[in-house]
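Below is one structure, written out as structure tokens; the observations come after it.
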Amino acid sequence: MTDEPGIRRGHALRAAVEQGLVGEEEPVLGLLDITGITHAATALHAAFATPGVAITHTFAVKAASLVPVLALLGECGLGAEVASPGELALARAAGIPADRTVLDSPAKTVAELREALTLGIAVNADNPSELARIDEIRLEAPTAPAAAPVGLRVNPQVGAGSIGAMSTATATSKFGVALRDPGAEEWVLRAYAERPWLSRLHTHTGSQGVPLGLMVAGVRAAYELAERINAAAGRQQITVLDIGGGLPVNFGSDEVTPAFADYADLLRAEIPGLFDGRYGLVTEFGRSLLAKNGTVLARVEYAKSAGGRPIAVTHAGAQVATRTVFVPDAWPIRVLALDAKGRQKDGEPVVQHVAGPCCFAGDLVARGRALPLLGAGDHVALLDTGAYYFSNHFAYNSLPRPAVYGYTARPDGTVAFAPVRAAQTQAELIAESGGGLPPLRRG
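To get my numbering, take the position in the sequence shown, counting from 1, and add 481.
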């Protein structure tokens, strides 16, 4: 099998058209490079591997809430970071064991907490009120949830990256206990002193747009707090540090930068005690594992122009590329121009818009982009879309969720596809929209 992701992708795009996976009836679909995903998981394990340090890598389910993908990652030795009952159900359906599952959410209900604790799933409490709920659940059934590891999420308030909405360690972030607020650290020290069973500490500085240095600063704050908690306890009370995920992705080329090794090496250099064997580590990467291993493929339905600007109207828009359409400066993606057979087009670049099917003017996945001129019957490929683009569907105009396939490209250029998610049918769409319920009547 070739190791070149671009070559594998090219074979898959051509084969998807040849095999009729995309066409008039199914004008848009998602593709995931199985080889690329397994290579990413291998790179993650290798980057953090340290003799004497127990490390659990979990995948942030929100980045690709697809059961076959979670199962593949499970086979690669990853667990699951879940942030809702639905995500927990998906992780369990994928066979992810409880001891490799972490529950994070700022709005856990009592029922969610009780279920996770009963199953033995690690829980990171977000705030003092949630920790008090866990106290009550433990009193109700002191033996059942005793095996479930519990930690506290803290916000080190180290600042924001270039995308505010993706930065979780700002002064006023909604996540965790704000460490620099007056009295906050004293409360944290007291909370651990009063609960000898509280054995974890969690932080997460953010994701896309957050530089490595800021991520390390957030981890350092949590590590130093853990040292103070353990010193106050006179023992190794905190045994596991959950350092979150959030490694940003390069959306400008096929290059994987920063790499997991870049981040792990910086952590080793800046916080050597993190890897000396006293703490187990948990990570929660999402986008950085999947983004570069996914592609959206769509047909060009019409080619037109307005004000002298060519416009290719495709079937991939805000319903799959929601963030790119609404916040294009923060979430630009690369677009390949393909011909009717799914092969990359030649020709002089022409500045044009690549539009989606949604009925609003801003539904553009590429604005003023220089590409070989697209025509009706051609295709476009939206690159680096393996994370979030298949799990954040926007149901505008009642557009259905597209099918998703995993693919394996063989050395001879042949491609094997495996279904990951079937395209949503009109019957399913109608049912989801209350089609089986009686009509509302005037009172």
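Here a beta-carbon is modelled for each residue, glycine too, at the ideal position from N, C-alpha and C.
Quick caveat, the model's predicted, so the values are computed rather than measured.
Evaluate the contact criterion for the region 758 to 774 versus the region 714 to 726: three or more CB pairs, one atom per stretch, below 8 Å. yes
Report the CB separation of residue 630 from residue 650 in whole angstroms; it is logged as a contact under 8 Å. That pair is no contact at about 23 Å.
Could you pull out every residue in the same chain whose Cβ sits closer than 6 Å to the Cβ of residue 917, ignoring the five residues on either side in sequence? none
Assuming residue 901 contacts residue 513 under a Cβ cut-off of 8 Å, what Cβ separation, rounded to an integer in Å, is found between them? 6 Å
How would you write the range of the beta strand (DSSP E) that residue 605 sits in, first residue to last? 603 to 606
Alpha carbon of residue 618 to alpha carbon of residue 586, nearest angstrom: 17 Å
What is the DSSP secondary structure of residue 877, counted as helix, strand or coil? helix
Could you work out which residue in 595, 602, 867 is closest to residue 611 when comparing CA atoms only? 595
Apply the 10 Å Cβ neighbour rule to residue 532 and answer buried if 16 or more other Cβ atoms are within range, or exposed otherwise. exposed
Quick check: the Cα distance between residue 870 and residue 628, rounded to an integer number of angstroms? 36 Å
Applying the 10 Å Cβ sphere with the 16-neighbour rule, what's the burial state of residue 911? exposed
Exposed or buried, residue 615, counting other C-beta atoms within 10 Å across all chains shown (16 or more means buried)? buried
Rounded to whole angstroms, what's the CA-CA distance from residue 530 to residue 536? Just pull it up for me. 8 Å
For residue 875, which of 507, 837, 613 has the nearest alpha-carbon? 837
Residue 871 lies in the beta strand (DSSP E); which residues open and close that run? Taken as a continuous stretch (DSSP letters only), residue 871 belongs to no beta strand (DSSP E), as it is neither H nor E.
Excluding the five sequence neighbours on either side, which residues of its own chain have a C-beta within less than 6 Å of the C-beta of residue 499, listed in chain order? none
With DSSP run on the structure shown, which of helix, strand or coil describes residue 907? helix
Taking the beta carbon of residue 897 as the centre, do at least 16 other beta carbons fall within 10 Å, making it buried, or is it exposed? exposed
When the Cβ atoms of the region 846 to 862 are set against those of the region 816 to 829, are three or more pairs found closer than 8 Å? yes
Test item: CB-CB of residue 643 and residue 690 under 8 Å: yes
According to the Cβ coordinates, are residue 740 and residue 524 closer than 8 Å? yes
Residue environment, residue 592, which counts as buried when at least 16 other CB atoms sit within 10 Å: exposed
Under a three-way DSSP split, which group does residue 518 fall into? helix
I think residue 475 touches residue 877, with their Cβ atoms under 8 Å apart; what is that distance to the nearest whole Å? There is simply no residue 475 to check, as the chain begins at 482 and stops at 924 in what is shown.
My output table needs one value for residue 723: the three-state DSSP class, helix, strand or coil. strand
Could you spell out the range, first to last residue, of the alpha helix (DSSP H) harbouring residue 549? 548 to 556
Selected residue, minimal CA-CA separation from residue 880, among 893, 904, 744, 867: 904
Please report how far the alpha carbon of residue 548 lies from the alpha carbon of residue 502, in whole angstroms. 20 Å
For the putative contact between residue 569 and residue 546, defined by C-beta atoms under 8 Å, what is the C-beta separation to the nearest angstrom? Not confirmed; about 11 Å, so no contact.
6 Å Cβ shell around residue 509 - same chain, five flanking residues per side excluded: 779, 796, 797, 883
Which term fits residue 515, buried or exposed, when burial requires 16 or more other beta carbons within 10 angstroms of its beta carbon? buried
DSSP three-state call for residue 687: helix, strand or coil? strand
Only counting runs of 3 or more residues, tell me where the beta strand (DSSP E) segments fall wholly within the region 805 to 869, in order along the chain. 816 to 819, 830 to 836, 845 to 853, 860 to 864
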